[in-house]
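As structure tokens, the structure follows; a few thoughts come after it.
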Amino acid sequence: MVIVDTSGIHELPVVFCGCPNAPTRDIQLLRMGLYPATSRRPQTAFTIRLLDDHLLTNKECKIPALSYYSRLRRITSETFPHMVPDRYRDLLRVSRQWRNLRARRQAGIGYPGVPAPGPGAFAIKCPACPWPGINMRPGWETDDDRWAHAASIIIDGNFGAQHMRMKNPEDDVRLADGHGYMVTDDPYKDHLRTACKPKRQNMDYCVFQVTVFLHGIMLLLVLYDVWCYYYKHLLWQFNQSPALALPPDLTITGGIGQFHVHAHRAECYPRFSPVFIPGAGQQLIDSWDLDDHMNDSNWYKMTRLGERRGQWFA
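Residue numbers (our numbering): 833 to 1146.
Here it is in structure tokens:
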């Protein structure tokens, strides 16, 4: 049997328990800290230490699975790495499963009596963002400084996303459809089919999804590099689409980021620059990534928020 560990790729003899009441082979491996590549007649297993190390290396060092496995092969045999068993595809499949299991455990989902995960259930909530009933004082609704209780988002888009077009889409089995930072697939596709203006339909859905999770926040700041054009049709788009809706008491304030606004017409600067918008702060537009990296980024920020807050007010 092939055992893949951080120390290398090993071919070891394995004898499974054959007692009448013995668990299946995959369960026996799991109880020994080994994750089987398949649940039926497993011939390959990955140590839990290896899977955790792979995910952390991917998030911290941005090393893809192919480079990570190539490194393991060289650790095993510096001279003949090509003769080491190739379990790269197994690593892809197993690491995806392990990432999903870790997300479920972190979210407290999967235990008896816990309801099934809903949209955004795996996402780490930002403790610095306004959350009514959690980090906001009673009576915030009547505070004169409305900007202090506003949510803010920065939107942009990859309108091509060529790598999303798979040769065989049926092979992409979603383990967490809409449970992280990405939208649920079927409702989004329904929106695309019914949208009136296809050029900005994905942005409309992004704004809509943000409003779903505002939980009573009455002011939303949206920064978009073409807000001066986009906002003109925003309400009309929402009124025309059966898949979109805005909270009746929500006020949306828009602007253009400082990097982009200087390339616009002169009249756009005083109208849409964040310099003149109360409550607009630093823009973080370079953290575009996928669910696991987004969660890791939020966790990294959350664990250091207290220290940074002390520096801000020192």
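Think of the CB as a built atom: it goes at the ideal place given N, C-alpha and C, for glycine as much as any other residue.
None of these values were measured; they are calculated from a predicted model.
Burial state of residue i (16 or more Cβ within 10 Å)
{"i": "phenylalanine 878", "result": "buried"}
{"i": "phenylalanine 1104", "result": "buried"}
{"i": "histidine 1047", "result": "exposed"}
{"i": "isoleucine 835", "result": "buried"}
{"i": "valine 1148", "result": "Beyond the ends of the chain as shown, which are 833 and 1146, falls residue 1148; an answer cannot be given."}
{"i": "asparagine 967", "result": "exposed"}
{"i": "proline 962", "result": "buried"}
{"i": "methionine 1035", "result": "buried"}
{"i": "glycine 971", "result": "exposed"}
{"i": "glycine 1089", "result": "buried"}
{"i": "alanine 1112", "result": "buried"}
{"i": "serine 871", "result": "exposed"}
Segment limits, beta strand (DSSP E) that includes residue i
{"i": "tyrosine 867", "result": "866-868"}
{"i": "threonine 1085", "result": "1083-1087"}
{"i": "valine 834", "result": "834-837"}
DSSP bridge partner residues for residue i (one or two, in chain order)
{"i": "isoleucine 985", "result": "Val1054"}
{"i": "histidine 842", "result": "Ile835"}
{"i": "alanine 877", "result": "Ile835 and Pro868"}
Whole-angstrom distance between residue j and residue i, CA atom to CA atom
{"i": "glutamine 938", "j": "phenylalanine 954", "result": "8 angstroms"}
{"i": "aspartate 988", "j": "valine 1039", "result": "11 angstroms"}
{"i": "glycine 940", "j": "tyrosine 920", "result": "30 angstroms"}
{"i": "glutamate 892", "j": "alanine 1095", "result": "35 angstroms"}
{"i": "aspartate 1124", "j": "phenylalanine 1108", "result": "35 angstroms"}
{"i": "arginine 931", "j": "tyrosine 1101", "result": "44 angstroms"}
{"i": "isoleucine 859", "j": "aspartate 1081", "result": "53 angstroms"}
{"i": "methionine 915", "j": "tyrosine 900", "result": "17 angstroms"}
{"i": "aspartate 1121", "j": "glycine 850", "result": "With a pLDDT of only 43 at aspartate 1121, under the threshold of 50, the placement of this residue in the model should not be trusted, and no figure is reported."}
{"i": "leucine 933", "j": "valine 946", "result": "15 angstroms"}
{"i": "aspartate 1057", "j": "glutamate 1002", "result": "35 angstroms"}
{"i": "valine 1063", "j": "threonine 974", "result": "Checking the sequence shown, residue 1063 turns out to be tyrosine, not valine. Near 27 angstroms, if we compare the C-alpha coordinates of threonine 974 and tyrosine 1063."}
{"i": "proline 949", "j": "glutamine 929", "result": "16 angstroms"}
{"i": "leucine 1055", "j": "glutamine 1041", "result": "16 angstroms"}
{"i": "methionine 833", "j": "asparagine 890", "result": "26 angstroms"}
{"i": "threonine 838", "j": "leucine 882", "result": "5 angstroms"}
{"i": "leucine 1024", "j": "glutamine 1033", "result": "7 angstroms"}
{"i": "glycine 1086", "j": "serine 927", "result": "40 angstroms"}
{"i": "proline 1106", "j": "isoleucine 986", "result": "12 angstroms"}
{"i": "methionine 1050", "j": "threonine 1083", "result": "6 angstroms"}
{"i": "leucine 861", "j": "tyrosine 867", "result": "6 angstroms"}
{"i": "histidine 1065", "j": "leucine 888", "result": "43 angstroms"}
{"i": "glycine 1010", "j": "proline 951", "result": "5 angstroms"}
{"i": "arginine 857", "j": "lysine 1031", "result": "52 angstroms"}
{"i": "threonine 1043", "j": "asparagine 1127", "result": "20 angstroms"}
{"i": "leucine 1067", "j": "leucine 1052", "result": "14 angstroms"}
{"i": "valine 1015", "j": "proline 845", "result": "45 angstroms"}
{"i": "alanine 982", "j": "tyrosine 1037", "result": "20 angstroms"}
{"i": "phenylalanine 848", "j": "isoleucine 895", "result": "35 angstroms"}
Continuous alpha helix (DSSP H) stretch holding residue i: start and end
{"i": "isoleucine 880", "result": "880-893"}
{"i": "histidine 1023", "result": "1017-1026"}
{"i": "leucine 933", "result": "920-939"}
{"i": "asparagine 1127", "result": "1123-1135"}
{"i": "leucine 862", "result": "857-863"}
{"i": "phenylalanine 1040", "result": "1033-1044"}
{"i": "asparagine 1000", "result": "Run containing asparagine 1000: none; DSSP gives neither H nor E here."}
{"i": "phenylalanine 912", "result": "No alpha helix (DSSP H) holds phenylalanine 912; DSSP gives it neither H nor E."}
{"i": "phenylalanine 848", "result": "Per DSSP, phenylalanine 848 belongs to no alpha helix (DSSP H) and is neither H nor E."}
{"i": "asparagine 1071", "result": "1066-1072"}
{"i": "threonine 908", "result": "897-908"}
{"i": "histidine 1092", "result": "1090-1093"}
{"i": "arginine 1103", "result": "1100-1104"}
Contact set for residue i: own chain, Cβ-Cβ below 8 angstroms, skip 5 residues either direction
{"i": "cysteine 958", "result": "Asn1130, Lys1133 and Met1134"}
{"i": "glutamine 1072", "result": "Cys1028"}
{"i": "arginine 925", "result": "Ala869"}
{"i": "tyrosine 1020", "result": "Tyr1037"}
Other residues of its chain near residue i: CB distance less than 7 angstroms, five sequence neighbours each side excluded
{"i": "aspartate 922", "result": "Ala869 and Thr876"}
{"i": "serine 1119", "result": "A caution first: serine 1119 carries a pLDDT of 41, below 50, which makes its placement in the model too unreliable to give a value."}
{"i": "glycine 865", "result": "Thr879 and Ile880"}
{"i": "aspartate 1022", "result": "Ala1075"}
{"i": "glycine 840", "result": "Leu904, Ile907 and Thr908"}
{"i": "alanine 960", "result": "Leu1137"}
{"i": "aspartate 1004", "result": "Met998"}
Close Cβ partners of residue i (< 6 angstroms) along its chain, the five nearest in sequence each way excluded
{"i": "proline 1110", "result": "Trp979"}
{"i": "phenylalanine 1091", "result": "none"}
{"i": "glycine 942", "result": "Arg936"}
{"i": "leucine 1007", "result": "Asn932"}
{"i": "glycine 1012", "result": "Phe954, Ala955 and Asp1123"}
{"i": "alanine 897", "result": "Leu923 and Leu924"}
{"i": "glutamine 1069", "result": "Asp1036"}
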